[in-house]
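Quick note, the sequences are listed as chains R and Y, same order.
Numbered per the working numbering, the first sequence spans residues 978 to 1069.
Numbered per the working numbering, the second sequence spans residues 5 to 730.
Glycine is no exception: its CB is placed at the ideal position from the N, C-alpha and C atoms.
It should be emphasised that the depicted structure is a prediction, and the values quoted were computed from it without experimental measurement.
Report on the structure given below.
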Amino acid sequence: MHDWESVQLVLEEQKINDQDEKILEKFLLSLGFQERQRIMGVLLGFPTECIFFIDLLKKKEILAKNKDDALKDEIMRMEKDFMKKILIDAQK
Amino acid sequence: MKRFEFSIDSPKKEETPLAKQESVLNLEKESGSENLREIAKRENILIGYIAEKLKDPLINAKKESIRLLTAFTIFMGASTAYAEGVVEKTELADGDDQHIAQLLESSKEKQSAQFDWKKAIEKIEISIGGKFQHKQEYETSVMTPTLSKLGNEGLSATEYFKVKHDDGTVNLQPLQYAASLTTLSGEVQTAYYDKDGNILVNPEVDHSEVETEYAHSSAAKVYIESIKTVSSNGEFFNKLKTATEKLGAMEKVEILQMVAFDLNKSYNFDMSKEDEHYAISDDVTLNVLRGNYIGKNMEDLSSPAALGTCGNISTYLVKVAKSMGMEGWLQTGSSGGSNDVWMGSVVERDGKKEIVYVTYWGDFVPTGTLNYKDSRGIMERKMQSISAFNSYVGNEESTLFEVASKAQDNILDAANVRPVGDILEKNIAGGNFSRDNGLEISINPDVQQLQFTKDHFGLAIYNFSDVYADPYQSMEAMQAIRTNFSFNGDNFGLEGDATVMNISMKDFAGSRGKSYVDIIGRVAGSFIDSRELTKGEYGKLVLNYGTTIQSAIKRALNDSSLNSGTELKMEGAAGARLTYFSPNDSNKFYIGASDTMQFQTNNMQEQKVVIAEGIKKFTVGGSVKVHEAAILNIDAARSDYAWGREYDLKAEAGVGNVVLGGEYKTANSEFKRFYPDSDKVGIKVGYKKNAWEVDLIGFKKTEQYASAEKVNDYGAEIKLKIILWP
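So this is what it looks like as structure tokens:
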């Protein structure tokens, strides 16, 4: 079972500031147990991707407050590019 | 290899947006809900698209890539839903995370993967350890029973006889014992043996011509005079009590040896072969004993009345010892591969007390120590075999508890036979069945282990050699290979091991002794369940509960012993743990309890299998975030054993990358002869960095057995953990 303390250690290693940590914590708390465990697992397993995940989360929060087609397109592009990167990595 | 070209078109503008819902994050401005819904819809398309692409055989996706992809799709959907605030408890847009995981992982399963060590070995753990051990030296010795002679009136009618040799010479030889032999033609003959166990040829018995030699043993005199003058067992014990008051400890031991020697003449081989044991009354035993000295002639001696087996004889020996004011208890074990029982006591020799054993045929085995665990090693060397599951201490009325020897600990470790309570604790602590894949390497001066686990199966190699030259370690060397399986569902789990081990015993003189092969099998079945009792703004309460049963068997590869050397172990445990999680999961506190039961024999005479209570354990602990980068874990446990009580307190603090830990364990024994009072203090300093971890562990242990001085022991260990994949 993954715990929040371990995630915090990863976030500290990745120099994530307290404000961003709070954003992530709030997001994780909104999830059910299984979903939270899975995502905490990936944060622990891929520490270098934490920044990307938090960045994406923050952008979505901003978009929720203000309609912004440009931001929407940027988010979709980020998600597409990230998936593309993983698939290419998978073939190496 | 042809590279997969990734290409995803942007969503078409004419796609119909979903019905607008208000965002919980913003009610005044024009919210981005519509944007988020478009993203959500696009994300669903992406997930389906990726799942399809993964079926492409050209994409030989690595497991870690699939894992990251799965996790990212879950994160992607959950974060959109969270930002959108459309549901109180976030649910993914298109099914739950299990659905997505299955979708992607089943796509991966269609691929034919080549063997890849990186995939197979996901984690490597290396630990290197060592301990400081007091150099112990002890030279083993054994004293066999001797026939003692008291003079004409006390002389057994069968102690001396003439032997005519082929060259015509005649001499006298002491008769050690006689027995019936059936020849190939079916004729029953009486055979006579000399003191070395050789069958004597053409013995002629003429006691009138014998000038008896007298040993003048006061112990023998007391014993035989007592035997000849009493009419009941109670009278015999009373007589021994008064008559042995002035005898020394070794003279009393001599009496024990004589009793054992005389009773062993009536050993009941049928009872042993049929494995049907029953209690024999003291009066019946006494009558058999008296038969050696009263009203016996050669014919009677050559076909003695059947009495009992090792358990009956040794139980009577304990009673004899106690009647003489000595300590006495029973110990089960293995003798040449067969199950056996012998008696134990404490005597003072040369001003030093020590644990001693007397076998049911009268051998006296001093051990030179008051450390009970150590003393068992001397008997293992004497018996040239080690028990895995049959090492119980008992008194004349009942079987009490197990005391494992050092070698037995190694055997159980190699066969992965852990206490059933430990398996249960692991299950209910996590609320699930967890199993780490990877390679574990452990290197200690005396033990080297390599264990590889992959999904449902595992393989382990265990090597032991007695580098400390410890006289109380009965094994010179041991090599074992173990296969392991584990199948777990949500609520039920099944695990097992099959181990083949080659054991090289240390003989009684200290060099390499007998070698033999044992096979040990183990199966454990577990049930666990978890209930979230309450959940709200003040946190949640989770109850994990479960039960585990474990059965193990040991059998020699070539079992040619008279009685069965097969040993069985059956035990079960049930327990529960209630855990409180604070709202952000940063703090948690738990209380737990478990109880174990095991099958063991009722006593050493009847040897009926009964259920006995094992360990009652109460645990309490917590994990607290003391400040931003420091977490404190505290665990306390109280364990009630059949022999006493043990308290264990562990604390561990993680500050950044550094882990500091301490442990204090104390045991209060109610049977200090067999389990010592003990205190153990341990300290751990660890450092964690990304994919590796190093721990320095040190401990000091103090033990005190009954009648013994306090003994300190020190140990140190370095553990290095390398994680290739978390």
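- Counting the other Cβ atoms within 10 Å of the Cβ of ASN414(Y) gives 16 or more, which makes it buried.
- With respect to the 8 Å criterion, THR600(Y) and GLU575(Y) are classified as neighbours on the basis of their beta carbons.
- When DSSP states are grouped into helix, strand and coil, GLN140(Y) belongs to the coil group.
- Excluding residues up to 5 positions away in sequence, ASP266 lie with their Cβ nearer than 6 Å to the Cβ of ASN296(Y) in the same chain.
- ALA556(Y) counts as buried, since at least 16 other C-beta atoms from the protein chains shown sit within 10 angstroms of its C-beta.
- Counting along the chain, the unbroken beta strand (DSSP E) around GLU571(Y) starts and ends at 571-585.
- In summary, the residues of the region 35-52 of chain Y whose CB is separated from some CB of chain R by less than 8 Å are SER35, GLY36, SER37, GLU38, ASN39, LEU40, GLU42, ILE43, ARG46, GLU47, LEU50, in the order they occur in the chain.
- Around the beta carbon of GLY372(Y), 16 or more other beta carbons sit within 10 angstroms, so the residue counts as buried.
- Assignment of beta-bridge partners to ALA464(Y) by DSSP yields GLN455(Y), ARG486(Y).
- The beta-carbon of SER590(Y) is placed less than 8 Å from the nearest beta-carbon of chain R.
- Where VAL407(Y) is concerned, there is no enclosing alpha helix (DSSP H), because DSSP gives it neither an H nor an E.
- Here GLN996(R) carries a helix assignment [DSSP, helix/strand/coil].
- Short of 7 Å from the beta carbon of GLU610(Y), and not among the five residues preceding or following it, lie these beta carbons of its own chain, in chain order: HIS281, TYR282, ALA283.
- In the DSSP assignment, VAL288(Y) falls within the unbroken alpha helix (DSSP H) covering 286-294.
- Taking a cut-off of 8 Å on C-beta distances, the region 537-554 of chain Y touches the region 575-587 of chain Y, as three or more cross pairs fall below it.
- Among the residues facing chain R, MET80(Y) is included, as its CB has a counterpart in that chain under 8 Å away.
- Counting along the chain, ILE701(Y) sits inside the beta strand (DSSP E) bounded by residues 696-708.
- The residue among GLY89(Y), PHE79(Y), ILE54(Y) with its C-alpha nearest the C-alpha of ILE1065(R) is ILE54(Y).
- When the Cα atoms are used, ARG439(Y) and PHE489(Y) turn out to be separated by approximately 11 Å.
- Sequence-ordered contacts of the region 360-384 of chain Y with chain R are nonexistent [C-beta pairs closer than 8 Å].
- Taking GLY36(Y) as the centre and dropping the five residues before and after it, the same chain places no C-beta closer than 6 Å to its C-beta.
- Under the DSSP definition of a beta bridge, LYS558(Y) partners with ILE524(Y), GLU571(Y).
- Here the alpha carbon of GLY315(Y) sits roughly 44 Å from the alpha carbon of ASN436(Y).
- Spatial neighbours of TYR466(Y) in its own chain (CB-CB distance under 6 Å, excluding positions within 5 residues in sequence) are listed in chain order as ALA418, GLN453, ALA484.
- Counting along the chain, the unbroken alpha helix (DSSP H) around GLY434(Y) starts and ends at 424-434.
- Closest by C-alpha distance to THR289(Y), out of TYR271(Y), LEU311(Y), ASN39(Y), is LEU311(Y).
- ARG526(Y) and ASN420(Y) do touch by the CB rule: their CB atoms are close to 7 Å apart, below 8 Å.
- In the same chain as MET275(Y), and ignoring 5 residues on each side of it, the C-beta atoms closer than 7 Å to its own belong to HIS281, GLY312, THR313, in chain order.
- Sequence-distant Cβ neighbours of PHE593(Y) in its own chain, meaning closer than 6 Å and more than five residues away, are TYR584, GLY626.
- Using a Cβ-Cβ cut-off of 9 Å, LYS629(Y) is close to TRP981, GLU982, GLN985 of chain R, given in chain order.
- Two segments are said to touch when three or more pairs of C-beta atoms, one from each, lie closer than 8 Å; by this definition the region 629-640 of chain Y touches the region 652-672 of chain Y.
- Relative to THR570(Y), the option among ASP344(Y), SER534(Y), TYR361(Y) whose CA is nearest is ASP344(Y).
- Counting only Cβ-Cβ distances below 7 Å, TYR86(Y) has contacts in chain R at PHE1004, SER1007, in chain order.
- Assignment of MET262(Y) by DSSP, reduced to helix, strand and coil, places it in the helix class.
- One finds PHE79, SER83, TYR86, ALA87 in chain Y with Cβ atoms closer than 9 Å to the Cβ of LEU1034(R), taken in chain order.
- Beyond the five residues adjoining it in sequence on each side, SER402(Y) comes within less than 6 Å, by CB distance, of ASN607 in the same chain, given in chain order.
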